[in-house]
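Visitor:
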Amino acid sequence: MNPQAKLIFTISLLLGTTIVISSNHWVMAWAGLEINTLAILPLISKSHHPRSIEAATKYFITQATASALVLFSSMTNAWYTGQWDITQLTHPTSCLILTSALAMKLGLAPFHFWFPEVLQGSQLTTGLLLSTVMKLPPVSLLFMTSHSLNPTLLTCMAILSTALGGWMGLNQTQIRKILAFSSISHLGWMTIIISYNPKLTLLNFYLYVLMTTAVFLTLNTIKASKLPTLTTAWTKAPALNAMLLLTLLSLAGLPPLTGFLPKWLIIQELTKQGMTTAAVSISLLSLLGLFFYLRLAYCSTITLPPHTTNHIKQWHTNKPTHSSIALLTTVSTALLPISPLITTII
1 MNPQAKLIFT ISLLLGTTIV ISSNHWVMAW AGLEINTLAI LPLISKSHHP RSIEAATKYF
61 ITQATASALV LFSSMTNAWY TGQWDITQLT HPTSCLILTS ALAMKLGLAP FHFWFPEVLQ
121 GSQLTTGLLL STVMKLPPVS LLFMTSHSLN PTLLTCMAIL STALGGWMGL NQTQIRKILA
181 FSSISHLGWM TIIISYNPKL TLLNFYLYVL MTTAVFLTLN TIKASKLPTL TTAWTKAPAL
241 NAMLLLTLLS LAGLPPLTGF LPKWLIIQEL TKQGMTTAAV SISLLSLLGL FFYLRLAYCS
301 TITLPPHTTN HIKQWHTNKP THSSIALLTT VSTALLPISP LITTII
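Letter by letter, the sequence shown follows residues 1 to 346 of the UniProt record's numbering.
#1: I53 and S47: beta carbons closer than 7 Å?
#2: Looking only at C-alpha atoms, which of L245, L285, L335 and M190 sits nearest to Y293?
#3: Consult DSSP for Q273 and reduce its assignment to one of helix, strand or coil.
#4: Can you tell me which of the three DSSP states Q174 falls into?
#5: Pull up the CB-CB distance for L257 and L249, whole angstroms please, since I reckon it's below 8 Å.
#6: Alpha carbon to alpha carbon, how far is M243 from T329?
#7: For P110, count the other beta carbons within 10 Å of its own beta carbon; 16 or more makes it buried, fewer makes it exposed. Which is it?
#8: For chain B, is any of its Cβ atoms less than 7 Å away from the one on M144?
#9: Please report the Cβ distance between N24 and I86, rounded to the nearest whole angstrom; I am assuming they are in contact, meaning their Cβ atoms lie under 8 Å.
#10: Suppose you measure from the CA of L179 to the CA of H49; what does that come to, to the nearest Å?
#11: Less than 7 Å separating the beta-carbons of T247 and V215?
#12: Using CA atoms only, rank isn't needed, just tell me which of S225, G188 and W79 is closest to T125.
#13: Taking only the alpha-carbon atoms, compute the straight-line gap between M134 and A39 and give it to the nearest angstrom.
#14: Touching or not, the region 222-238 and the region 196-207, by the rule of three or more beta carbon pairs under 8 Å?
#15: Where E34 and F72 are concerned, what is the direct C-alpha to C-alpha distance, given to the nearest angstrom?
#16: Do L230 and C156 count as a contact pair if the criterion is CB distance below 7 Å?
#17: With 16 as the cutoff for other CB atoms within 10 Å, does I274 come out buried or exposed?
#18: For A64, which residues in the same chain have their Cβ closer than 8 Å to its Cβ, ignoring the five residues on either side in sequence?
#19: Using C-beta distances below 8 Å, list every residue in its chain close to T301, excluding the 5 sequence neighbours before and after it, in chain order.
#20: What is the residue span of the alpha helix (DSSP H) that F205 lies within?
#21: Between which two residues does the alpha helix (DSSP H) harbouring G165 extend?
#22: Assign K6 to one of three DSSP states: helix, strand, or coil.
#23: DSSP state of H186, grouped into three classes?
#24: In the DSSP assignment, what residue or residues form a beta bridge with H25?
#25: According to DSSP, what are the bridge partners of K263?
#26: Pick helix, strand or coil for K58, following the three-state DSSP scheme.
#27: Taking C-alpha atoms, which residue in S182, L327, N171 and S22 lies nearest to G253?
#28: Could you tell me which of W189, S332, T212 and S67 sits nearest to P137, measuring between CA atoms?
#29: Under the assumption that L154 contacts I184 (Cβ atoms under 8 Å), give the Cβ distance between them as a whole number of angstroms.
#30: Just the Cα atoms here: how many angstroms apart are A326 and A334?
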């Protein structure tokens, strides 16, 4: 792709995200969401492969439907209350439509079917944008309207997302699809707590972005897109693969790694709110996700010859690891000791 075109699309992505985050009016937020969608479409379809074109088409149809629902929700609210302010969403029908629209934007169950397919049809760098930057505008809208939305509905959708994200990721061999189901599962954790403590949702989102970015950049460096390739990638960059093991376990939420922090705080908050059943359910369902993270970790690091894969071993590379990957993997694994400071800030 032409570097100038790529620069324009990247700036448009940042512009759209900034407009959504800083807007108070629903029409401005809708315009920011549309700019975001139009900017990411050429990046998804840039390889001109039929699967990429299919992914871009699916993404466009889903996001256009979700944006139309956002606009319809805000118009319904304005019709009944005369308010276009994002934080003044009070009409029950509008709240219900908005919950569905944002769930569709994020890929939250039961509107999750498009996300694994789109991620599978994209390159790893575009997949990283879809899993992180493109989630920020809907999460910020969810944050701003969290006091108006139905907590029972959000809890049901969150538990369903964690269950389906874990269950459907079990049998996958494509790494991008596994990471898509991982994202759906993490969205469940973010959604379940947003009505009770929205700041915890943001903390979970930020840490999820850090860990996912580290995983995607590492996979992009070792050029692995499916499990059989990952089993022979350890010869290319052994140190990087060892850190990939820790980052994946952190994404799974195992102590004493960074990923354990948001899960710990969310379970604590749910227990304070008297939602022990929901806390136990979501904790048990996250064990399904732990299985495929362990499978990825096993394939990347613990598999040593002799084994039955037919892939040729890759040459060992002496290129130094990029400093951004080193920083991200460190942060993704070592933030738990400063959790008292983080809890004080939030």
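Note that CB positions come from ideal geometry on N, CA and C, so glycine has one too.
Guide: Reading from the atomic positions:
#1: The answer is no: Cβ separation not under 7 Å.
#2: It is L245 whose Cα lies nearest to the Cα of Y293.
#3: The three-state secondary structure of Q273, taken from DSSP, is coil.
#4: Strand, per DSSP.
#5: Indeed, because the Cβ distance is near 6 Å, the residues count as touching under 8 Å.
#6: Answer to the nearest angstrom: the Cα atoms are 7 Å apart.
#7: Per the 10 Å Cβ criterion, exposed.
#8: Of the protein chains in this structure there is only one, and it is not chain B.
#9: Yes, N24 and I86 are in contact; Cβ-Cβ is about 6 Å, under 8 Å.
#10: The straight-line gap from Cα to Cα measures roughly 21 Å.
#11: Yes. Within cutoff.
#12: Of the candidates S225, G188 and W79, the one whose C-alpha sits nearest the C-alpha of T125 is S225.
#13: Using only the alpha carbons, I get a separation of about 10 Å.
#14: Verdict: no, contact absent.
#15: For E34 and F72, the distance between alpha carbons rounds to 14 Å.
#16: Cβ distance not < 7 Å, so C156 and L230 don't count as in contact.
#17: Just to set this straight, residue 274 is Gly in the shown sequence, not Ile. G274 should be labelled exposed.
#18: If we look at A64 and ignore the five residues flanking it on each side, its Cβ neighbours are T37.
#19: Answer for T301: W234, N241, A242, L244 and L245, listed in chain order.
#20: DSSP places F205 inside the alpha helix (DSSP H), whose first and last residues are P198 to I222.
#21: According to the DSSP assignment, G165 belongs to the alpha helix (DSSP H) that extends over P151 to M168.
#22: If DSSP states are grouped into helix, strand and coil, K6 belongs with the helices.
#23: Correct three-state label for H186: helix.
#24: In DSSP, H25 forms a bridge with D85.
#25: None; K263 has no bridge partner.
#26: Helix at K58.
#27: Relative to the Cα of G253, the nearest Cα in the group S182, L327, N171 and S22 belongs to S182.
#28: Answer by Cα proximity: S67.
#29: Between L154 and I184 a beta carbon distance of about 15 Å is seen, past the 8 Å cut, so the two are scored as non-contacting.
#30: Rounded to the nearest angstrom, the two C-alpha atoms are 12 Å apart.
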